[in-house]
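Protein chains: 2
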Amino acid sequence: MTGVDTARMVSNLQRLIRQPSVSATGEGIGECARLVSEILEENGIHSRLLTVPGHAPVVYGHLSGRGGGTILFYNHYDVQPAEPLDLWEHPPFGGVVEDGRVYGRGATDDKGEIVSRIEAVRALSEAGELLCDVKFVIEGEEENGSRGIHAYLERYGDIMSCDGIVWEFGYVDERARPIIGLGMKGLMFIEMTARGPGRDLHSGAAPLVQNPAWKLVGALSTLAGDDGRIMIPEWYAEAQPFSETDMEAIQRMPYDVGAVKEDLGIERFVREQDALQAKEDLAKVATCNIAGIWSGYSGDGTKTVLPARASAKLDMRLVPGMEPRMQWSRFRDHLSRNGYGDIETELLHGEPGIRTSPDHPFVRAVRDAADAAYGTHVLSVTYPETGPIWHFSTKLKAPCVLAGGTDVHARLHAPDEYARIDYMEKTAKMIMWLLSHPSG
Amino acid sequence: MTGVDTARMVSNLQRLIRQPSVSATGEGIGECARLVSEILEENGIHSRLLTVPGHAPVVYGHLSGRGGGTILFYNHYDVQPAEPLDLWEHPPFGGVVEDGRVYGRGATDDKGEIVSRIEAVRALSEAGELLCDVKFVIEGEEENGSRGIHAYLERYGDIMSCDGIVWEFGYVDERARPIIGLGMKGLMFIEMTARGPGRDLHSGAAPLVQNPAWKLVGALSTLAGDDGRIMIPEWYAEAQPFSETDMEAIQRMPYDVGAVKEDLGIERFVREQDALQAKEDLAKVATCNIAGIWSGYSGDGTKTVLPARASAKLDMRLVPGMEPRMQWSRFRDHLSRNGYGDIETELLHGEPGIRTSPDHPFVRAVRDAADAAYGTHVLSVTYPETGPIWHFSTKLKAPCVLAGGTDVHARLHAPDEYARIDYMEKTAKMIMWLLSHPSG
Numbered sequence: 297m298t299g300v301d302t303a304r305m306v307s308n309l310q311r312l313i314r315q316p317s318v319s320a321t322g323e324g325i326g327e328c329a330r331l332v333s334e335i336l337e338e339n340g341i342h343s344r345l346l347t348v349p350g351h352a353p354v355v356y357g358h359l360s361g362r363g364g365g366t367i368l369f370y371n372h373y374d375v376q377p378a379e380p381l382d383l384w385e386h387p388p389f390g391g392v393v394e395d396g397r398v399y400g401r402g403a404t405d406d407k408g409e410i411v412s413r414i415e416a417v418r419a420l421s422e423a424g425e426l427l428c429d430v431k432f433v434i435e436g437e438e439e440n441g442s443r444g445i446h447a448y449l450e451r452y453g454d455i456m457s458c459d460g461i462v463w464e465f466g467y468v469d470e471r472a473r474p475i476i477g478l479g480m481k482g483l484m485f486i487e488m489t490a491r492g493p494g495r496d497l498h499s500g501a502a503p504l505v506q507n508p509a510w511k512l513v514g515a516l517s518t519l520a521g522d523d524g525r526i527m528i529p530e531w532y533a534e535a536q537p538f539s540e541t542d543m544e545a546i547q548r549m550p551y552d553v554g555a556v557k558e559d560l561g562i563e564r565f566v567r568e569q570d571a572l573q574a575k576e577d578l579a580k581v582a583t584c585n586i587a588g589i590w591s592g593y594s595g596d597g598t599k600t601v602l603p604a605r606a607s608a609k610l611d612m613r614l615v616p617g618m619e620p621r622m623q624w625s626r627f628r629d630h631l632s633r634n635g636y637g638d639i640e641t642e643l644l645h646g647e648p649g650i651r652t653s654p655d656h657p658f659v660r661a662v663r664d665a666a667d668a669a670y671g672t673h674v675l676s677v678t679y680p681e682t683g684p685i686w687h688f689s690t691k692l693k694a695p696c697v698l699a700g701g702t703d704v705h706a707r708l709h710a711p712d713e714y715a716r717i718d719y720m721e722k723t724a725k726m727i728m729w730l731l732s733h734p735s736g
Numbered sequence: 297m298t299g300v301d302t303a304r305m306v307s308n309l310q311r312l313i314r315q316p317s318v319s320a321t322g323e324g325i326g327e328c329a330r331l332v333s334e335i336l337e338e339n340g341i342h343s344r345l346l347t348v349p350g351h352a353p354v355v356y357g358h359l360s361g362r363g364g365g366t367i368l369f370y371n372h373y374d375v376q377p378a379e380p381l382d383l384w385e386h387p388p389f390g391g392v393v394e395d396g397r398v399y400g401r402g403a404t405d406d407k408g409e410i411v412s413r414i415e416a417v418r419a420l421s422e423a424g425e426l427l428c429d430v431k432f433v434i435e436g437e438e439e440n441g442s443r444g445i446h447a448y449l450e451r452y453g454d455i456m457s458c459d460g461i462v463w464e465f466g467y468v469d470e471r472a473r474p475i476i477g478l479g480m481k482g483l484m485f486i487e488m489t490a491r492g493p494g495r496d497l498h499s500g501a502a503p504l505v506q507n508p509a510w511k512l513v514g515a516l517s518t519l520a521g522d523d524g525r526i527m528i529p530e531w532y533a534e535a536q537p538f539s540e541t542d543m544e545a546i547q548r549m550p551y552d553v554g555a556v557k558e559d560l561g562i563e564r565f566v567r568e569q570d571a572l573q574a575k576e577d578l579a580k581v582a583t584c585n586i587a588g589i590w591s592g593y594s595g596d597g598t599k600t601v602l603p604a605r606a607s608a609k610l611d612m613r614l615v616p617g618m619e620p621r622m623q624w625s626r627f628r629d630h631l632s633r634n635g636y637g638d639i640e641t642e643l644l645h646g647e648p649g650i651r652t653s654p655d656h657p658f659v660r661a662v663r664d665a666a667d668a669a670y671g672t673h674v675l676s677v678t679y680p681e682t683g684p685i686w687h688f689s690t691k692l693k694a695p696c697v698l699a700g701g702t703d704v705h706a707r708l709h710a711p712d713e714y715a716r717i718d719y720m721e722k723t724a725k726m727i728m729w730l731l732s733h734p735s736g
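Taken in sequence, the protein lines are chains H and F. Our numbering puts the first sequence at residues 297 to 736. Our numbering puts the second sequence at residues 297 to 736.
Right, here's the structure in full:
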């Protein structure tokens, strides 16, 4: 097997990082799509931009192999906002290389994964060892809820047909073991707004005027406790239970509680979980996270203002079996029953979760590829993150597995996100193995 | 009696508005102090800057009359921050004159009141009709808690001795009646910060990591209900009850519930108060107002982040009798008892409230002056706002009354604050009457 060209791979990653592509604001989205397409072509992969009106373009790539089935790579070229900017030690769109890492927003999520896969296909193809047909579907709205992906799957599903999907990323744990993931959580992203007086008032009016921030605090405190445990009735009614093989995988999964706490910067887990309970909870707990809350004055010093409005952003992870529309209806009913029906709510995004069985042959092939490149692997039944995996797996009728080179410490969605260059190399090798061996 | 020069008064106000002086940030404070001093001198009033290290200068003014006692005017040249800037229709530091109003941050609070008083003294003095000695004490930290005023009173109390204090402002109601105020509420301004993980995390970690925003919401929901009613035990233990003459004044005070609601931009009062209850509550209710709350991501779109910290600013108005240090101790004990002892709290400002008796002769003189200029007046036992009135009244052993020309609709602390030019004229005439007649 021919080798991976690390310098080329890192250079391509730097090019992608230096092109901001923030889907929340739209900054640089079109430019980045064209750059990804250009890099695919440079590496011998046929590329075109797919479009659906009102949505960011999807970069499609295709290269035929020697008839060993079709593998589809799902990735995304968009990134999270870089804020808070003052907490970055490296420029967020700089692509600085330091101590074997490449720093920047999107370094690992998901631009580092994109270039590793492209490099693997290029290397195999140049050596004439590409067995499988390869398809790339690289979208531009993943960090903003993949809102267009359903429409893209409807319009372009035929050209995306495949036998197995490798999802956008996969973690590598603190002992350099790739974590092969069999599913992801779903998500509801909700914005709530409580309205008070017609304009910001002097707070001397407080004996007479309801402060919308109090109303919002009151509403939030009915949704979950201090530990984030959801108090909405029937929330878990349709949650899919673990199978025996799921539970076996959970039990076998290594988990270093001390290392995790250190990485997260916390002294204790919120419910004092031990290792097994922590692993189970990551897979089975549906969370209600306050991703943002804001009202009134947040500058220096004092300002005695009674604000006109108060807002919060909630992200609620769902476990497989929960259907976003049903949960949304429960959410709104709960607010109304508790006297908060007049708080404005908007479902910005809803996505079901899904799990592939550990017993599927495609899962076996990916595990073998991981062993070949990394010398070992770990199996995870559900990643705690969310992506449009349910849509792909359902529409394309293909199993989906998460496998990649994202260091678990890599600060996804946070300042000083980075990619480890050694993991990018190993991931490229893992993908080369997968594409050059028959699977399932 | 000679007349008021309206053009000069408005021009002086525009000069002051165009010099920003935001005590929360320090912007323009020194420059504005010098400008106020310059305007005093231009109008024949001896002026000097008083200083206490670490605090904004106080502008002191003095002019001798013909031996009719000494009246001290307390005012402030600093203003609230202008944010949110995008909601202003007139530039906040522009001093635009339109339809008989002067627009800008500080137009009425408190720069409009300053120039009305200066104009009154100039006019009387030029006509040789200034009976009382006049002193001006114009500070620069009122909107940020008047933190230095205690030290200024200690250092310069002797030169501030007086027989009566006219406080920085007074409202004029929607029927053009000046509201003569006999007291103000106290204030505790508190900042709370809950800390979570060492850095912002991907919200996939939510099953294991406490979100500090949930902790803050939990703590806040123990402090007050949705209607802002304080739930801290013993909060009202030392509140000073109304006297019979206080209650009579409250009952006699006109109050147009419909007009107030329209002005505030609300459909209903928070506790459905009728007119009498609304008037009583404005005087007797100690409030807990969320002046600001912020955590995580508040930009457009979605960001699935578990924030590292969450903060809130509370302003809690106190009624006369409540002592800020005692209430602060109750506040902290309450948080600890409810399991929130690890939330960081800081008392940014504490100020007692005070009420002067409606029976005091100085009150009578101010009421007569108001009748002479406005043709009528209204008596209010307690303004719902806060200033360092307790410190002045206690240190200088003099009664204090609020009287001025601030339209109740004038949007204090909010976008498009304005001063009515006709009320500035009437206020100047009221002050001329007060300074040219013997009082008490």
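Ideal Cβ positions, reconstructed from N, Cα and C, are used throughout, including at glycine. For clarity, every value in this text was computed on a predicted model and none was experimentally measured.
Identify every residue that forms a DSSP beta bridge with His498 (chain F). Reading the second sequence from its first residue, position 202 is the one you call residue 498 (chain F). Its beta-bridge partners are F:Val601.
For Thr321 (chain F), would you say it is in contact with chain H, using Cβ-to-Cβ distances shorter than 8 Å as the test? By 1-based counting over the second sequence, the position of residue 321 (chain F) is 25. It does: the Cβ of Thr321 (chain F) has a partner Cβ on chain H nearer than 8 Å.
If contact means a Cβ-Cβ distance below 7 Å, which residues of the region 488 to 504 of chain F contact chain H? Pro493, Gly494, Arg495, Asp496, Leu497, His498, Ser499, Gly500, Ala501, Ala502, Pro503 and Leu504
State the CB to CB distance for the pair Ala668 (chain F) and Pro474 (chain F), rounded to an integer number of angstroms; the pair is presumed to be in contact (CB under 8 Å). For the purposes of this step, residue 668 (chain F) is taken as the residue at position 372 of the second sequence. For the purposes of this step, residue 474 (chain F) is taken as the residue at position 178 of the second sequence. 11 Å between Cβ atoms; not a contact.
Assumed close pair Asp301 (chain H), Glu415 (chain H) - CB separation to whole angstroms, cut-off 8 Å: If you number the first sequence from 1, residue 301 (chain H) lands on position 5. If you number the first sequence from 1, residue 415 (chain H) lands on position 119. The pair is a contact, with the Cβ atoms about 7 Å apart (cut-off 8 Å).
Could you please tell me which residues of the region 566 to 588 of chain H, in chain order, have their CB closer than 7 Å to any CB of chain F? Val566, Gln569, Ala574, Asp577, Leu578, Val581, Thr583, Asn585, Ile586, Ala587 and Gly588
Name the chain H residues that come within less than 9 Å of Ser333 (chain F), Cβ to Cβ? Position 37 of the second sequence, counted from the first residue, corresponds to residue 333 (chain F). In chain order: nothing, as chain H lies at least about 24 Å away.
CA-to-CA distance, Thr600 (chain H) to His709 (chain F), given in whole angstroms: As a first step, residue 709 (chain F) must be located in the second sequence, where it is residue number 413. As a first step, residue 600 (chain H) must be located in the first sequence, where it is residue number 304. Approximately 8 Å, taken between the alpha carbons.
Check whether the Cβ of Gly340 (chain F) lies closer than 8 Å to any Cβ atom in chain H. Taking the first residue of the second sequence as 1, we reach residue 340 (chain F) at position 44. Output row for Gly340 (chain F): interface = no.
Checking 8 Å against the spacing of the C-beta atoms, do Ile476 (chain F) and Val332 (chain F) come in under that value? The sequence position of residue 476 (chain F) within the second sequence is 180, counting from 1. The sequence position of residue 332 (chain F) within the second sequence is 36, counting from 1. No, Cβ-Cβ distance for Ile476 (chain F) and Val332 (chain F) is not below 8 Å.
Closest Cβ-Cβ distance between Asp523 (chain H) and chain F: below 8 Å? As a working note, residue 523 (chain H) is residue 227 in the first sequence. Chain F contact via Cβ: present.
For a contact defined as C-beta to C-beta under 8 Å, what are the partners of Asn507 (chain H) on chain F? Start at 1 with the first residue of the first sequence, and residue 507 (chain H) comes out as number 211. Correct list: Gly524, Asn585 and Ile586.
Would you please state the rounded distance, in angstroms, between the beta carbons of Leu478 (chain F) and Ala606 (chain F)? I believe it to be under 8 Å. Here residue 478 (chain F) is taken as the residue at index 182 of the second sequence, counted from 1. Here residue 606 (chain F) is taken as the residue at index 310 of the second sequence, counted from 1. So it is not a contact: roughly 40 Å between Cβ atoms.
Are the CB atoms of Thr641 (chain F) and Met527 (chain F) nearer to each other than 8 Å? As a first step, residue 641 (chain F) is located in the second sequence; it is residue number 345 there, counting from the start. As a first step, residue 527 (chain F) is located in the second sequence; it is residue number 231 there, counting from the start. Going by C-beta atoms, Thr641 (chain F) is not nearer than 8 Å to Met527 (chain F).
Give the interface partners of Asn440 (chain H) over in chain F, defined as CB-CB distance under 7 Å, in chain order. Mapped onto the first sequence, residue 440 (chain H) falls at position 144. Within chain F, the residues near Asn440 (chain H) are Gly597 and Thr598.
Whole-angstrom C-beta distance between Gly441 (chain H) and His645 (chain H), which should lie under 8 Å: By 1-based counting over the first sequence, the position of residue 645 (chain H) is 349. By 1-based counting over the first sequence, the position of residue 441 (chain H) is 145. Contact flag correct, Cβ pair sits at about 3 Å.
Once DSSP output is grouped into helix, strand and coil, what is the label at Leu708 (chain H)? As a working note, residue 708 (chain H) is residue 412 in the first sequence. If DSSP states are grouped into helix, strand and coil, Leu708 (chain H) belongs with coil.
CA-to-CA distance, Leu381 (chain H) to Pro603 (chain F), given in whole angstroms: Here residue 603 (chain F) refers to the residue found at position 307 when the second sequence is read from its first residue. Here residue 381 (chain H) refers to the residue found at position 85 when the first sequence is read from its first residue. Roughly 14 Å between the two C-alpha positions.
From H:Val354, H:Gly637 and H:Thr541, residue whose alpha carbon lies closest to that of Asp655 (chain H): Here residue 655 (chain H) corresponds to residue number 359 of the first sequence, with the count starting at 1. Nearest option by C-alpha distance: H:Thr541.
Of all the options H:Tyr373, H:Pro734 and H:Leu345, which has the alpha carbon lying nearest to the alpha carbon of Phe658 (chain H)? Along the first sequence, read from residue 1 onward, the residue named residue 658 (chain H) stands at position 362. For Phe658 (chain H), the nearest C-alpha among the options comes from H:Pro734.
Presumed contact (8 Å Cβ cut-off) between Met618 (chain H) and Ala520 (chain H), rounded CB distance: As a position in the first sequence, residue 618 (chain H) is number 322, starting the count at 1. As a position in the first sequence, residue 520 (chain H) is number 224, starting the count at 1. Between Ala520 (chain H) and Met618 (chain H) the Cβ distance is about 16 Å, and since that is not below 8 Å, they are no contact.
Would you kindly check if the distance between the Cβ of Gly466 (chain H) and the Cβ of Thr672 (chain H) is under 8 Å? Position 376 of the first sequence holds residue 672 (chain H). Position 170 of the first sequence holds residue 466 (chain H). Contact flag unset, no.
Give the residues from the region 631 to 651 of chain H that approach chain F closer than 7 Å (Cβ to any Cβ), ordered along the chain. Leu644 and His645
Nearest to Ser689 (chain F) (by Cα), restricted to the options F:Asp718, F:Ile650 and F:Arg663: Here residue 689 (chain F) corresponds to residue number 393 of the second sequence, with the count starting at 1. The shortest Cα separation from Ser689 (chain F) among F:Asp718, F:Ile650 and F:Arg663 belongs to F:Ile650.
Exposed or buried, what is Gly391 (chain H) when buried is set at 16 or more other beta-carbons lying within 10 Å of its beta-carbon? For this step, residue 391 (chain H) is matched to residue 95 along the first sequence. Buried, since its Cβ has 16 or more Cβ neighbours within 10 Å.
Give a yes or no on whether 8 Å exceeds the smallest Cβ distance from Leu516 (chain H) to chain F. Counting from 1 along the first sequence, the entry for residue 516 (chain H) is found at position 220. Cβ-Cβ to chain F under 8 Å: yes for Leu516 (chain H).
Could you check the C-alpha separation between Ser615 (chain H) and Gly554 (chain F) for me, to the nearest Å? On the first sequence, residue 615 (chain H) is found 319 positions in, with the first residue counted as 1. On the second sequence, residue 554 (chain F) is found 258 positions in, with the first residue counted as 1. A small correction: the amino acid at residue 615 (chain H) is Val; Ser does not occupy that position in the sequence shown. Roughly 51 Å separates the two Cα atoms.
Applying the 10 Å Cβ sphere with the 16-neighbour rule, what's the burial state of Glu450 (chain H)? Taking the first sequence and counting its residues from 1, the one referred to as residue 450 (chain H) is at position 154. The residue in question, Glu450 (chain H), is exposed, as its Cβ has fewer than 16 Cβ neighbours within 10 Å.
C-beta contact flag for Met484 (chain H) and Pro620 (chain H) at 8 Å: Here the question's residue 484 (chain H) lines up with position 188 in the first sequence. Here the question's residue 620 (chain H) lines up with position 324 in the first sequence. Taking 8 Å as the Cβ cut-off, Met484 (chain H) and Pro620 (chain H) qualify as a contacting pair.
Quick one: what's Leu420 (chain F) bridged to in DSSP? Sequence index remark: in the second sequence, residue 420 (chain F) carries index 124 (1-based). According to DSSP, Leu420 (chain F) bridges with nothing at all.
Examine the ligand FMN and report whether any of its heavy atoms sits within less than 7 Å of the Cβ of Val662 (chain H). Ligands displayed in this structure: none; no statement on the ligand FMN is therefore possible.
With 16 as the cutoff for other CB atoms within 10 Å, does Gln315 (chain H) come out buried or exposed? In the first sequence, residue 315 (chain H) corresponds to position 19, counting from 1. So Gln315 (chain H) ends up on the buried side.
Tell me which residues share the same chain as Tyr593 (chain F) and place their Cβ nearer than 6 Å to its Cβ, disregarding the 5 neighbours each side in the sequence. As a position in the second sequence, residue 593 (chain F) is number 297, starting the count at 1. So the list reads Lys599 and Val601, once near-sequence residues are dropped.
With respect to the beta strand (DSSP E) encompassing Met484 (chain H), which residues constitute its N-terminal and C-terminal limits? In the first sequence, counting from the first residue as 1, residue 484 (chain H) sits at position 188. Met484 (chain H) -> beta strand (DSSP E) spans Gly482 to Arg491.
So is Gly592 (chain F) in contact with chain H if we call contact Cβ pairs under 8 Å? Locating residue 592 (chain F) in the second sequence gives position 296, where the first residue counts as 1. Yes, contact with chain H.
Chain H residues whose Cβ lies nearer than 7 Å to that of Gly561 (chain F): Locating residue 561 (chain F) in the second sequence gives position 265, where the first residue counts as 1. Ordered by position in chain H, the residues that pass the 7 Å Cβ test against Gly561 (chain F) are Pro493, Gly494 and Arg495.
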